[in-house]
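S.K.: Pasting a structure below so you can have a look.
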Amino acid sequence: MKKSIKKAAAIALTAAMAVSMTACGGGSDAPAKTEAQDEAASPAPEGGEAGSGKEADAAGGEKIKLTLCIGRKTDLSFQQSAYEGTVRIQEEMGDRFEINVVEMGDDTTKWQAAFYDAADSGADIIVGTGFQNKENFETIPQEYPDTKFILFDQDVDYSVGDLSNVLTVLFDSNQSGFLAGAVAAYYTTGENAANTDKTIGFVGGTESTTINNFMVGYAEGAKYVDPEIKILTAFVGDFMDTAKAKDLTNAQISEGADIVFQVAGGAGNGVIEAAAEKDGVMAIGVDSDQYQALEGSNLQPSVITSSLKRLDNALFKICSDYVQDPSSVPFGTTATYGLEDDAVGIVFNENLEKSIGAENVAKVEEILAKIQAGEIVVSAAADLTADEIKAIVNE
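Numbering (the numbering used here), first residue to last: 44 to 438.
So this is what it looks like as structure tokens:
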């Protein structure tokens, strides 16, 4: 297939970056840091023929080559969760998968080159995350129709071309947001809060449907517990500026918020820092268990719980299904995972019980069960207008 001009430029960029990394030793935004979790090739079955096509690998014989391309595998958020999914795949299905992890850095303009490199290296399945990859997953897969692509936390426009080899995965993050809101309400009205104001905060990365989905659930969950709760909201504008996230959090604290839910990726660490510096103020983490991730840090006690987006569980399930029957994985469509798939939720631990009490923890568990049973239906940002979202948050 003839290389596109854009692809040629991306490949040239990859080569240039490799030289730069050799000369400078790399940096925080240096792309294409590769970690082969299993470099050993699996021998072909005795007396058998090598399988043809990607699905032949899943049927048996050669290992399925899966490449995960993420910014940073230790972002304490959803990229780390995706990485942890590959670790679990390696541990439990290492006889079927050859895993490769590419850390692309924070400069998203260099990410396209990494995906081309993964495709050219013969990966059977390429996995990416986030809205930054929407265009990459609308264009690159059309040039590699025999390669499967999985994009988490962002859908694509399937009408732009033949994307029958692309699976996009979304999450019912409004459900976990609802649980986080309930926790926030119980905390701000409890005895451990910094003040008696019924005020809670929310700091998002960018104002997008994905982030708003958390926020809508958060607002509805808080007001389910106490309709008088006031919610302050702010957006960093990206997912990396920890200093700005900290400033926004401090502004909300000064307005009476004593618990702040951060949905801002790496920038959200600034929210936790701000909470740690104020007595009686707590932070709610996002995507992965940030309390556990901060073990040994003076920031850990300030994380009351985390709203989970279990990319690890979703990726593991998809790969497990693919091994059993490739046609069972709905490539060419968008799949949504929620509480029933153990793909969203919140962390229940000793810090949560210490902060809101065992009785209120039990109430949060009851709320979770009601969502699972369909007794509580949480609004989804994708189904709402901007005015309707504002009304839910500000009513």
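Backbone N, C-alpha and C fix where the C-beta goes; we use that ideal spot for every residue, glycine too.
For the stretch 170-190 against the stretch 206-220, do three or more pairs of beta-carbon atoms, one drawn from each stretch, fall closer than 8 Å, so that the two count as touching?
M.R.: yes
S.K.: Does the beta-carbon distance from Val306 to Gly247 come in below 8 Å?
M.R.: Yes, they are a contact pair.
S.K.: Whole angstroms are fine: how far does the CA of Gly104 sit from the CA of Leu411?
M.R.: 43 Å
S.K.: With burial defined as no fewer than 16 other Cβ atoms inside 10 Å of the residue's Cβ, what is the status of Ala425: buried or exposed?
M.R.: Ala425 comes out exposed.
S.K.: Measure the alpha-carbon distance for Lys191 versus Ala300 and round it to whole angstroms.
M.R.: Distance from the CA of Lys191 to the CA of Ala300, rounded to the nearest whole angstrom, comes to 45 Å.
S.K.: Judging by CA-CA distance, which residue of Asp160, Gly311, Gly264 is the nearest neighbour of Lys287?
M.R.: Gly311
S.K.: Rounded to the nearest angstrom, what separates Phe121 and Glu250 at their Cα positions?
M.R.: 17 Å
S.K.: Using a 10 Å radius around the Cβ and a threshold of 16 neighbouring Cβ atoms, would you call Lys153 buried or exposed?
M.R.: Lys153 comes out buried.
S.K.: Just the C-alpha distance for Cys112 and Ala157, rounded to the nearest angstrom, thanks.
M.R.: 7 Å
S.K.: Per DSSP, what are the beta-bridge partners of Tyr267 in this structure?
M.R.: Paired residue(s): none; Tyr267 is not in a bridge.
S.K.: Can you tell me whether DSSP reads Val226 as helix, strand or coil?
M.R.: Of the three classes helix, strand and coil, the one that applies to Val226 here is helix, per DSSP.
S.K.: What is the DSSP secondary structure of Phe158, counted as helix, strand or coil?
M.R.: helix
S.K.: According to DSSP, which residues form a beta bridge with Ser398?
M.R.: Residue pairing by DSSP leaves Ser398 without any beta bridge partner.
S.K.: Would you check if the stretch 221-230 and the stretch 256-270 touch, i.e. whether three or more CB-CB distances between them fall below 8 Å?
M.R.: yes
S.K.: Excluding five sequence neighbours on each side, which residues of the same chain lie with their C-beta closer than 6 Å to the C-beta of Leu210?
M.R.: Ile193, Phe374
S.K.: Say whether the stretch 326-346 touches the stretch 399-406, bearing in mind that this needs 3 or more beta-carbon pairs closer than 8 Å, one atom from each stretch.
M.R.: no
S.K.: Which parts of the stretch 298-370 are runs of the alpha helix (DSSP H), unbroken and 4 residues or longer, counting only runs that do not cross its ends?
M.R.: 312-319, 333-336, 354-367
S.K.: Taking DSSP as the reference, what is the three-state secondary structure of Asn238?
M.R.: coil
S.K.: Below 8 Å between beta carbons: does that hold for Val324 and Gln333?
M.R.: Result no, Cβ atoms of Val324 and Gln333 do not sit closer than 8 Å.
S.K.: Look at the alpha carbon of Asp163 and the alpha carbon of Glu431, and state the distance between them as a whole number of angstroms.
M.R.: 45 Å
S.K.: By DSSP's criteria, Lys108 is part of a beta bridge. Which residues make up the other side?
M.R.: Glu141
S.K.: Here's the rule: buried if 16 or more other CB atoms are within 10 angstroms of the residue's CB, otherwise exposed. What is Val420?
M.R.: Under this definition Val420 is an exposed residue.
S.K.: On the three-state DSSP scale, how would you describe Met128?
M.R.: Correcting the residue identity first, residue 128 is Gly in this sequence and not Met. Residue state, collapsed to three classes: helix.
S.K.: Can you give the Cα-Cα distance for Ile435 and Asp215, rounded to whole angstroms?
M.R.: 17 Å
S.K.: Skipping 5 residues on each side, what residues in its chain have a beta carbon closer than 6 Å to that of Val279?
M.R.: Gly248, Lys287, Ala288, Ala307, Ala310
S.K.: If you draw a straight line from the alpha carbon of Lys433 to that of Val145, how long is it in whole angstroms?
M.R.: Distance between the alpha carbons of Lys433 and Val145: 39 Å.
S.K.: Kindly indicate which three-state DSSP category Val372 falls into: helix, strand or coil?
M.R.: Under the three-state reduction of DSSP output, Val372 falls in the coil class, being neither helix nor strand.
S.K.: In its own chain, which residues sit with a C-beta less than 6 Å from the C-beta of Ala336, not counting the 5 before and 5 after it?
M.R.: Leu119
S.K.: Compare the Cα-Cα distances from Asp290 to each of Glu316, Ile272, Glu393 and report the closest residue.
M.R.: Glu316
S.K.: According to DSSP, which residues form a beta bridge with Ile243?
M.R.: Ile274
S.K.: Once you ignore the five residues that flank Lys116 on each side, which residues in its own chain have a CB closer than 7 Å to its CB?
M.R.: Gln122, Gln123, Tyr126, Val144, Glu146
S.K.: Between which residues of its own chain and Ala277 is the CB-CB distance below 6 Å, once the five residues before and five after are set aside?
M.R.: Val246, Leu291
S.K.: Alpha carbon to alpha carbon, how far is Tyr159 from Asp198?
M.R.: 20 Å
S.K.: Can you list, in chain order, the residues of its chain with a C-beta nearer than 8 Å to that of Thr428? Leave out the 5 residues immediately preceding and following it.
M.R.: If we look at Thr428 and ignore the five residues flanking it on each side, it has no Cβ neighbours.
S.K.: In the DSSP assignment, find the alpha helix (DSSP H) that holds Ile435 and state where it starts and stops.
M.R.: 429-437
S.K.: Going by CA-CA distance only, name the one from Asn437, Gly381, Lys413, Glu438 that's closest to Leu213.
M.R.: Minimum Cα distance to Leu213 is reached at Gly381.
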